[in-house]
Amino acid sequence: MVRYFNYECTQEEALDLAKNSLLELGYKIDLMAPEGHFMLTKMQGVKKDIRQYDFRIAVLVEDRVEVIIVAQRKVFKRDSEASIGGKNLIQTEVADKLPYSLQRSIFYPIIDEFTKKGLLDVEDITFHANA
Numbered sequence: 623m624v625r626y627f628n629y630e631c632t633q634e635e636a637l638d639l640a641k642n643s644l645l646e647l648g649y650k651i652d653l654m655a656p657e658g659h660f661m662l663t664k665m666q667g668v669k670k671d672i673r674q675y676d677f678r679i680a681v682l683v684e685d686r687v688e689v690i691i692v693a694q695r696k697v698f699k700r701d702s703e704a705s706i707g708g709k710n711l712i713q714t715e716v717a718d719k720l721p722y723s724l725q726r727s728i729f730y731p732i733i734d735e736f737t738k739k740g741l742l743d744v745e746d747i748t749f750h751a752n753a
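Just so we're aligned, residue 623 is where the sequence shown starts under the numbering used here, counting upward by one.
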């Protein structure tokens, strides 16, 4: 779950634009590494049907601004190993794929805010092999 954005400024300025955009959208910055042109937001929860997902946004500025959703899914265990008292009923799994509707609800506001700040969304990245 990655989106790429082009920028026409320095890496530091692009990281600052991304940071300000995420702050305006209500994200809280957890880790900021300006020397590595990287930042990570705090974990946020979202529900989809009966599932609970926690996600955070990672931003890496290199040739392009790379925005990555890092997610985990909370799963209610219904097997015989689950305890009766309620402990260990919820298991956390790393989710490398979120439902498309959740990805849209996360990425679309980011795309809109980044575009306002001058970071342009790269619609399609394809690598063509010379044959």
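Backbone N, C-alpha and C fix where the C-beta goes; we use that ideal spot for every residue, glycine too.
From a predicted model like this one, the values you see are computed outputs, not experimental measurements.
For the 8 Å CB-CB criterion, A636 and Y626 do not form a contact. Cβ contact annotation for Y675 (same chain, cutoff 6 Å, sequence separation greater than five): V668, A693 and R695, in chain order. Pairing L741 with E735, the inter-Cα distance amounts to about 9 Å.
Rounded to whole angstroms, the separation of the alpha carbons of L720 and R673 is 11 Å. Of the residues T632, E688, R678 and T737, the one whose Cα lies closest to the Cα of L724 is R678. Residue pairing for E735: DSSP places it in no beta bridge. Comparing C-alpha distances from L645 to each of G658, M623, K670 and V681 shows the shortest one belongs to V681. For L682, the enclosing beta strand (DSSP E) covers residues R673 to V683. As computed with DSSP, V692 is found in a beta bridge with R678.
Secondary structure at Y649: coil, using DSSP grouped into helix, strand and coil.
Ranked by how close their Cα comes to the Cα of I728, the residues I690, T632 and F660 have I690 in first place.
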